[in-house]
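Have a look at the structure below, then the notes.
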Amino acid sequence: MSDLDQSRPDPALDQSALERRHAVGAYFRLERWEIPAVPDGGPFPTIGGRAPLDRHQRGAGGGLRTGALLTSIDSLGGLLCGLSVQPEWIVTTSLMATVARLSQVGPLRFHGRVLRRGRSAVVAALDVVDEGAADQAVASAVLTCAVLDPGDMDLRFARPAIVPMPPPDPDPLAPEEFFRIEPGTGPVTRLELADHLRNPWGILHGGAVAMLADVASCRAVSSQRDHAHGAVAAADTVLHYLRPIKVGPVEARCRVLGGSTGRTVVRVAIHDVGNDDRLATVGTVTVLDV
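Per the numbering used here, the sequence shown starts with residue 1269, numbered consecutively.
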């Protein structure tokens, strides 16, 4: 049996305090379960997850939008890395993802494992497969987190940690609405920072930054083309989180670098406009014609 096939623990072990720490994950109905470490299996737990493909979250490629996929990866990987350093906790510093498949059936299944834990950083690998398509590979990612002193933050919860899958929303918001991404076109896209987008440290969730990068890079490519080129979708993404975003609004400023036919690379610089326009995140997004 592969790691991705590990059975889930009893949801009755869940603690509501843990659920409240994961509002962004709840939007994607991301179910998470800790798989405790076993003898000869390494010193750290692994983690499993599952998420449906709700229609309002699908992108032009037919499956879960890449920004949404990376948000779930960040939520799952952040929990895994946090569990590996308790009683300390973490914050994401980089996320690198290769997307193998834009069209998916769903649900998606996730598995994460710790590659390295040092005194100041944790590195985790996460894989995503499509359960509805015979476990075809969807994406592979590497997440790096910095270890932080949680101070007075209450990080106590039942172990193994479990976050059940939330029920469907009868009146769901599109990702742009949920993440407060303003309508527009061109190389600059703006996000209004709302409380539900903050992580436990009070800063903008790393996944929200990934969603902003997705939307902004696609808009930047589309703005340079006429309608005859058709739709585009974000795929491979690299993001480096340089500074926390605390104030907002947040701007993603894009530069289209070029590429080959059907494949365009976009450089993204994300600024916290309300905090002296500080550069907070840099990265690249590969945008595909679909």
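For glycine and all other residues, C-beta sits at the position ideal for the given N, C-alpha and C.
Locate the alpha helix (DSSP H) running through M1433, then write down its first and last residues.
Taken as a continuous stretch (DSSP letters only), M1433 belongs to no alpha helix (DSSP H), as it is neither H nor E.
Any chance you could list the beta strand (DSSP E) runs of at least 3 consecutive residues sitting entirely within the region 1294 to 1380, in chain order?
Correct list: 1299 to 1303, 1314 to 1319, 1357 to 1367.
When you compare only the Cα positions, how much space is there between G1327 and V1558?
Distance between the alpha carbons of G1327 and V1558: 10 Å.
For the beta strand (DSSP E) containing A1409, list its first residue and its last residue.
In this chain, the beta strand (DSSP E) harbouring A1409 covers 1404 to 1416.
The alpha helix (DSSP H) that contains D1482, what's its start and end?
Counting along the chain, the alpha helix (DSSP H) containing D1482 begins and ends at 1474 to 1490.
Using 10 angstroms around the beta-carbon of L1383, count the other beta-carbons present and answer buried if the total reaches 16, otherwise exposed.
That one is exposed.
With distances taken from CA atoms, which of I1471, A1407, L1459, E1356 is nearest R1521?
Nearest C-alpha to R1521: L1459.
Assigned secondary structure, G1526 (DSSP; H/G/I helix, E/B strand, else coil)
In the three-state reduction of the DSSP assignment, G1526 falls in the strand class, which pools E and B.
Here's a check: name, in chain order, each residue in its chain whose Cβ is nearer than 6 Å to the Cβ of D1504, leaving out the five neighbours to either side.
Excluding sequence neighbours, D1504 sits near T1366, V1367, T1554.
Can you check DSSP and say which residues form a bridge with V1553?
In the DSSP output, where bridge partners are listed per residue, V1553 has T1505, V1534.
F1312 and R1385 - do their beta-carbons sit closer together than 9 Å?
The beta carbons of R1385 and F1312 sit closer together than 9 Å.
Is the beta carbon of A1392 sitting closer than 9 Å to the one on L1411?
Yes, the pair counts as a contact, with Cβ atoms nearer than the cut-off.
Please classify S1275: is it buried, with 16 or more other beta-carbons within 10 angstroms of its beta-carbon, or exposed?
Note that S1275 has pLDDT 42, beneath the 50 cutoff, so the model's placement of it is unreliable and no number is given.
Between which two residues does the beta strand (DSSP E) holding T1453 run?
Neither: T1453 is in no beta strand (DSSP E) and is coded neither H nor E.
Through-space distance from G1293 to G1316, alpha-carbon basis:
Distance between the alpha carbons of G1316 and G1293 is about 14 Å.
Figure out for me which residue from V1353, A1414, P1438 has the closest Cα to the Cα of R1297.
Of the listed residues, the one whose Cα sits closest to R1297 is P1438.
CB-CB under 6 Å to V1396, same chain, minus the five flanking residues each way: which ones, in chain order?
Within the same chain, V1396 has close Cβ partners L1376, F1378, V1406, A1407.
Beta-carbon proximity list for H1464, same chain, < 6 Å, skipping 5 on both sides
A1291, listed in sequence order.
Based on DSSP bridge pairs, tell me the residues matched to I1449.
BP columns for I1449 point to L1459.
Considering only the alpha carbon of each residue, which of R1466, V1534, K1514, G1475 lies closest to Q1492?
Per the C-alpha coordinates, the member of R1466, V1534, K1514, G1475 positioned closest to Q1492 is V1534.
Rounded straight-line distance, which links the Cα of P1304 to that of P1428
The straight-line gap from Cα to Cα measures roughly 7 Å.
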